[in-house]
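What follows is a single structure, written as structure tokens, with notes after it.
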Amino acid sequence: MTNNSLTIEQAQAKIKRRRIISVTVRYIVLIVVGIIMLYPLIWMVGATFKTNAEIFTTLNPIPKNPTLQGYKDAMESYGGNINIWKALLNTYSYVIPEVVFTVISSVLTAYGFARFKFKGHDFLFTCMMAMLFLPQVVLNVPQYIMFNKFGWVGSKLYLPLIVPTLFATETYFIFMLIQFLRNIPKEMEEAAAIDGCNSFTTLIKVIVPMLMPAIVSCALFKFMWSSNDFMGPLLYVNTPAKYPATIFVKLSMDADTGFNWNRVLAISLISILPNICVFFAAQNQFVEGISAGGVKG
Amino acid sequence: MKKKLVAAIMAATMAVTCLAGCGSSSSGSSSSDSKSESDNASIRFDWWGGDTRHEATQKAVTDFQKANPNIKVEVNFGAWDGWEAARALEYQSQTGSDLTQINFSWITDYDKGGSAFVDLNDYKDIIDLSQYDQSVLDMCKDSNGGLAGIPVSITGRTFFWNKTTFDKAGIDIPKSLDDLIAAGNTFKEKLGDDYYPLSLSTYDRALLMSFYLQANTGEPIIDESGKLTVTKDQLVDGVKFIQNLEDNHVMPSIATLQEDGDVALNENPKFIDGHYAGVFEWDTASPKYVSNLAEGQEFVVGTELTGLGDKCLGVSDKVSMLFAITKSSKSPKAAAKLLNYLVNDPEGVTTLGTERGIPASKAAYDTLSKAGAISDDMSTAHAEVVDSDPLYFSPKFDDASLKDSATGAYQDVFEKLSSGSYSVDEAGQKLFDAYNTVLAE
Amino acid sequence: MTKGKSFLKANKGFLFILPWLIGFLVFKMYPFASSLFYSFTEYNLFEPGSEFHFTLQNYKDVFINENERNALIVTFKYAFMTVPLKLVFALFIAYILNFKIKGVNFFRTAYYIPSILGGSVAIAVLWKALFKGDGLIHSFFGVFGIDAPNFLSDKHWALFIICLLRVWQFGSAMVIFLAALKGVPQDLYEAASLDGATKTQQFFHVTVPLITPVIFYNLVTQLVQAFQEFNGPYIITQGGPEGSTTLMSLLIYNNAFHTWEMGKASAQAWVLFIILMALTLVAFWSQKHWVYYADEES
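Residue numbers (our numbering), protein chains in the order written: chain A, 30 to 326; chain B, 881 to 1321; chain C, 367 to 664.
Written out as structure tokens, the structure reads:
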């Protein structure tokens, strides 16, 4: 018996069998990887409802004796005049201005670069693009020294975190917006100019509405990055009452108060809950944003 | 027209931010000499600590404001983690709180030439300095001879033992080095491999080593002129002494402690359940250990170990914590008033209790001991330190480059010594170099 | 004044980029340049005047001082473990997802969540809970009767655990790959399969060459990220045990903000920067040998 003597039916059956196997393998891989990806998070949620005695003794994410003790403890002030709610409030008191300022300043800059010619345009554009490759790690120390000279370190208004966002310091967003702008035809703007719009009103009335998807992406990413930012507040926030959630979570893990892991994990979970909500509300924008930036890069 | 408007707004925004920058930088450097304080004052006060200290101190501050309605006190308090760096920077940029709780070593680290803290001798009509021994106040001088801070308490290290575990092993708590080493072997034989009579962190090891060296030389390891009194060979010997304790099953290795969860000793489950039966701690530290121990265990204050050397016991004591008033304070008198309330006033002292150790102020000590507010454990341990004829303790010993838990030499040397990455010779050499670097500054 | 006005009239765009230009000069270029200056000094924040004591020692130390050299080595190890693992994983999963898979959106979301949350302190805390001596993974191995090592206090394991935290966040690289794979024309596969190419051959000979620009993009961005990793080691291991997870960024942080040696920290940052630049340049230079850009062909 050789392969040659297979009937068409047999060959088709073989192909079909092969396909079924490969499809099954694919799903198994996807599901196994999916479990690896999500299990830690699911376990974390479960652990916040467990007693400290139970947490590390079982792999089962569902608590045997559910308790709210972790959450009760998580509500308490710790390490100063600060608790998780105040910390979250602190976080958003600088994250929201950062997002707004970043979007505005980035749109202005992207518009300027994409739609106008001016002296030094190409040189400055190269400078701007070069900033994509300037790692923050080189800037941390000198920026700190500079903000210290300004008297901004420990500022109750989070000046070192907020002020730079007024000046389009997130190069990645400018770059992303310029990519989008390039795909928007100029005819609309020309029409607007004929209608008597100047370049600024054109920006507001014509460009911004068309750019909206990209702007939303920028805002979402900036929101995530800023609220996850740890190094910034670590360097520039000095007063416990002003600590944002990231620092508070780290603080709650301090050795000197002892680890009640259900409390620590409950605090951690609460601190990322807003981000999880934002992600689920806008996951398509995240995916589109990241693919667009990446593919066009 | 509109274009101009945009430009104007932008320019204005920028101008405001720039001005804000310049404004705050210049306001910080206002001179502290022009003190024509009005009666109404608003001051800031900061401290670090744990929850009970926070509660007591906040209550004391509230009481103080009731008694002095014209002084408004804003407080800033938190846990130790990251605290020193944040405050150091505030002192440096002249933006610190008016009244601030400091560590002994901060005087040499951050108050060079008296740049950060006022000379409290200028406020001796407000702060009752007569409550302190002159010798104690002398320790708190800055390099210009000014009184940089008021010592809240004097402290030293001694041993505390879990008597229940020692009973189980059938031996008495150790009084001498020989007892301790014998206990290590007894624990191993009778109780098992994971029982140890003592447990020491890297900094504990550095301190105990200094006791050992001092017991052999009779001199403080770093003397008052800032000179290292031991040779490299003596340091190698000191390091050998520490390693010998580990080799004799007296204490667990650093790796074992990390496996336990890398937590403070009083949180270590093996301390809590009695596997680690001894600590080498500040005389005031017993409450945090006692409160964490599992039920049915007896925690007792030990004595300083004899037999470390032939010159003396080798113990040293230090000013554990101070209150200082920053140079940038606009209301130093109000701050001094609060300071005196916290350290000398019977009401303030009673509220604070022993939250910052056993008071160095005689008045405060009397108030507390009459009220029975100093626990037996604490006074026994304190007496143990005071009676041991303690030597001078140099703040340089606690320099950040030595003591820092991440980058300090003690961590590096004793962790690597414990794991075998450093030989005793290498470890001794590293310490010798580290001390010389610090003392050369 | 009028000159300025007429300049702006002719260069309207300049007005729009003015905020950026100020930010560029004040928050990027000035710090960048001053950092280079500080790196040649003994600048200590608490020693007035020390910023004018010039020295080359900072740079020598990076290569001579044992701890600094160790941090450099650890950083390389970290980057060269994390980046390939992450990219291979991301590409592999994206490849599978690119088949007609039911519930593709569900899987994509599941894989993407760790990336979007992963930078947060909360996840680092979770990682510590998972891998600590008596943590969850330890009990997991216990179920099979294996006495697992204490991952975080074992100097041979700790760095790998820190790597895993980032590999686990392969989602964003995957999303980018997935978008690129969707862009590969279907007829190319059909042609290849008519030529008798197996799926594996198709993957390596059709898919990979076509998405090289995206592989390149992911490679560079991940490399830049990996060399700057800070949160993981800072929160989970504080650089220990025995400095085995002290990455350069952590060392720089410790030097700058624990002992305030700004000069030393700046030099370390510059060495890291130069290494990163060199690697990026090598990547760009090597592009012409392996990266395929569709436009060039047409």
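Even glycine gets a Cβ: it sits at the ideal position worked out from N, Cα and C.
Answer with buried or exposed for residue i, where buried requires no fewer than 16 other C-beta atoms within 10 angstroms of its C-beta.
| i | result |
| --- | --- |
| A:G225 | exposed |
| A:P171 | buried |
| B:Y1156 | buried |
| A:K79 | buried |
| A:Q17 | Any question about residue 17 of chain A goes unanswered here, given that chain A covers just 30 to 326. |
| A:V167 | buried |
| A:V54 | exposed |
| A:Q39 | exposed |
| B:R1085 | buried |
| A:Y173 | buried |
| C:G549 | exposed |
| A:A274 | buried |
| C:T566 | exposed |
| C:D561 | exposed |
| C:T441 | buried |
| C:W651 | exposed |
| A:L88 | exposed |
| B:A947 | exposed |
For residue i, write down the residues that DSSP places opposite it in a beta bridge.
| i | result |
| --- | --- |
| B:A996 | Answer by DSSP bridge pairing: none, since B:A996 is not bridged. |
| B:V1159 | B:F1040 |
| B:T1035 | B:K1198 |
| C:P579 | In DSSP, C:P579 forms no bridge with anything. |
| A:G109 | B:G958 |
| B:E1235 | B:G1237 |
| B:I1030 | B:F1203 |
Under DSSP, the alpha helix (DSSP H) around residue i begins and ends at which residues?
| i | result |
| --- | --- |
| C:I618 | M614 to F623 |
| C:K443 | E432 to L463 |
| B:K1150 | P1149 to I1152 |
| A:K279 | A274 to S281 |
| A:F250 | V237 to N257 |
| A:N227 | No alpha helix (DSSP H) contains A:N227, which DSSP labels as neither H nor E. |
| A:Q172 | Q165 to F179 |
Within the 9 Å Cβ cut-off, does residue i reach chain A?
| i | result |
| --- | --- |
| C:W493 | yes |
| B:C902 | A caution first: B:C902 carries a pLDDT of 38, below 50, which makes its placement in the model too unreliable to give a value. |
| C:T646 | yes |
| B:N956 | yes |
| B:S973 | yes |
| C:F506 | yes |
| C:A563 | no |
Under DSSP, the beta strand (DSSP E) around residue i begins and ends at which residues?
| i | result |
| --- | --- |
| B:M1201 | D1197 to I1205 |
| B:S1281 | Element bounds for B:S1281: not the beta strand (DSSP E) but the alpha helix (DSSP H), A1280 to K1283. |
| B:I1323 | Examination of residue 1323 of chain B is not possible in this model, given that chain B is present from 881 through 1321 alone. |
| B:V1181 | F1179 to V1181 |
With a threshold of 9 Å between beta-carbons, can residue i be considered close to chain B, or not?
| i | result |
| --- | --- |
| C:Q604 | yes |
| A:V182 | yes |
| A:T268 | yes |
| C:G598 | no |
| A:L263 | yes |
With DSSP collapsed to three states, give me the class of residue i.
| i | result |
| --- | --- |
| C:Y555 | helix |
| B:L979 | strand |
| A:L232 | helix |
| B:R924 | strand |
| B:L1271 | strand |
| B:G1228 | helix |
| C:L381 | helix |
| A:T200 | helix |
| C:F650 | helix |
Using a Cβ-Cβ distance cut-off of 9 Å, determine whether residue i contacts chain C.
| i | result |
| --- | --- |
| A:F308 | yes |
| A:G141 | yes |
| B:S1241 | no |
Between residue i and the ligand FMN, is the CB less than 8 Å from at least one heavy atom?
| i | result |
| --- | --- |
| B:A1063 | For the structure depicted, the ligand FMN is absent and the ligand set is empty, with no information on it obtainable. |
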